[in-house]
Amino acid sequence: MTYVEYQEYMRNFFEQYYQKLSQNEICVTLPLEEDEKEMWSDDADPNEEWKKWKLVPAMIPDEEIKELEREIGVELPLSLKAFLTVTHHCFSDPIGYNSAAEHFQGVRNAWNPVLVRCGYLPFVWDKECCFIRCIQLKNMPEEEKCGIYQIDHEELFDFNEDTVTSDEIDQCMKFVSENLLTYLDEILHDRDRDSLCEASQKAVLRVLKEKFGFQNYDEFSDKIDIDEEFTKIITALKPIQEQYSISDEDLEEMLWGLEYSADW
232 MTYVEYQEYM RNFFEQYYQK LSQNEICVTL PLEEDEKEMW SDDADPNEEW
282 KKWKLVPAMI PDEEIKELER EIGVELPLSL KAFLTVTHHC FSDPIGYNSA
332 AEHFQGVRNA WNPVLVRCGY LPFVWDKECC FIRCIQLKNM PEEEKCGIYQ
382 IDHEELFDFN EDTVTSDEID QCMKFVSENL LTYLDEILHD RDRDSLCEAS
432 QKAVLRVLKE KFGFQNYDEF SDKIDIDEEF TKIITALKPI QEQYSISDED
482 LEEMLWGLEY SADW
């Protein structure tokens, strides 16, 4: 794709995603300050702290992009350049904030020098801010082959920044999507990792409540420590595991993580 085609794709994505989220106005409402007045929607009440925001066409000069590239230590792929320069918005992760008042905030928040040195360009966090998401650059300039991967940020603490190798980082990376365009398309249509994880967790909770009668995590945790009961639970969850392609390890991790779920 040409740069112009990437720009058109990104413009359409932002418009569709904003339209989708704005069906529930709270999803496009933030405590915007005066320096972000350009982002206020036309009907925003200036006396209210929380204001609905709107998309704003971006007018970012090439020199500002070059400065960002010098700052993060890598040349931007055309797809990411278009992603950052066609529209200002206030989308949270896993899109990343890029307002008129603070350009490229999402990329700057995710940036990590070790990942860049090892061939990964961080550009955003996952929804829960546990994983740094990156564009793998080894296939550049064939951007359609530059996959999106993520790494648990805590794993980076295990490495010596000066001696860590690309192979070591590769082993910690988890595949997310084929490229930046498929990544955004999956988010738009609720097929992304975060949306599927949320949907699968709700499905698991529904089975635990309806089939086993658990009403809270304490009731559930009392049973999960009993091998026989745990086996029954896992067996009952097999259809969900298959539907969402959840590994045994990830399913167990999800079950223990239900302690922090707000859906009980």
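Under the numbering used here, the first residue of the sequence shown is numbered 232, with each subsequent residue one higher. Positions of the beta carbon are idealized from the N, C-alpha and C atoms, including for glycine.
(1) Of all the alpha helix (DSSP H) runs that stay within the bounds of the segment 277 to 354, which reach a length of 4 or more residues?
(2) Any chance the segment 364 to 381 sits against the segment 407 to 419, with 3 or more Cβ pairs inside 8 angstroms?
(3) Alpha carbon to alpha carbon, how far is K358 from F443? Give it in angstroms, no decimals.
(4) Starting from C365, trace the beta strand (DSSP E) in both directions and tell me its first and last residue.
(5) From G304 to Y351, what distance separates their C-alpha atoms?
(6) So, is D456 buried or exposed, given that buried needs 16 or more other C-beta atoms within 10 angstroms?
(7) Using 8 angstroms as the threshold, is the segment 419 to 427 in touch with the segment 328 to 344, meaning 3 or more CB pairs across them?
(8) Whole beta strand (DSSP E) runs in the segment 375 to 447 with 3 or more residues, listed along the chain?
(9) Report, in whole angstroms, the separation of the C-beta atoms of E374 and S310, which I expect to be a contact under 8 angstroms.
(10) Below 8 angstroms, how does it come out for the segment 385 to 392 and the segment 336 to 347: are there three or more Cβ pairs, yes or no?
(11) For Q474, tell me which candidate among A289, S431, Q446 has the shortest Cα-Cα distance.
(12) So if DSSP puts L261 in a beta bridge, which residue, or which two residues, is it bridged to?
(13) So, with DSSP's three-state summary, where would you put W487?
(14) Label K283 either buried or exposed according to how many other C-beta atoms from any shown protein chain fall within 10 Å of its C-beta, with 16 as the threshold for buried.
(15) Are the CB atoms of F244 and L299 within a distance shorter than 8 angstroms?
(16) Taking the DSSP output, what are the residues bridged to W271?
(17) Exposed or buried, P292, counting other C-beta atoms within 10 Å across all chains shown (16 or more means buried)?
(18) Cα separation between A289 and R437?
(19) Taking the CB atoms as reference points, tell me whether C365 and F354 lie closer together than 8 angstroms.
Reading from the atomic positions:
(1) 293 to 303, 309 to 316, 336 to 341, 344 to 348
(2) yes
(3) 30 angstroms
(4) 362 to 367
(5) 11 angstroms
(6) exposed
(7) no
(8) 379 to 383, 405 to 408
(9) 5 angstroms
(10) yes
(11) S431
(12) K282
(13) helix
(14) buried
(15) no
(16) W284
(17) exposed
(18) 44 angstroms
(19) yes
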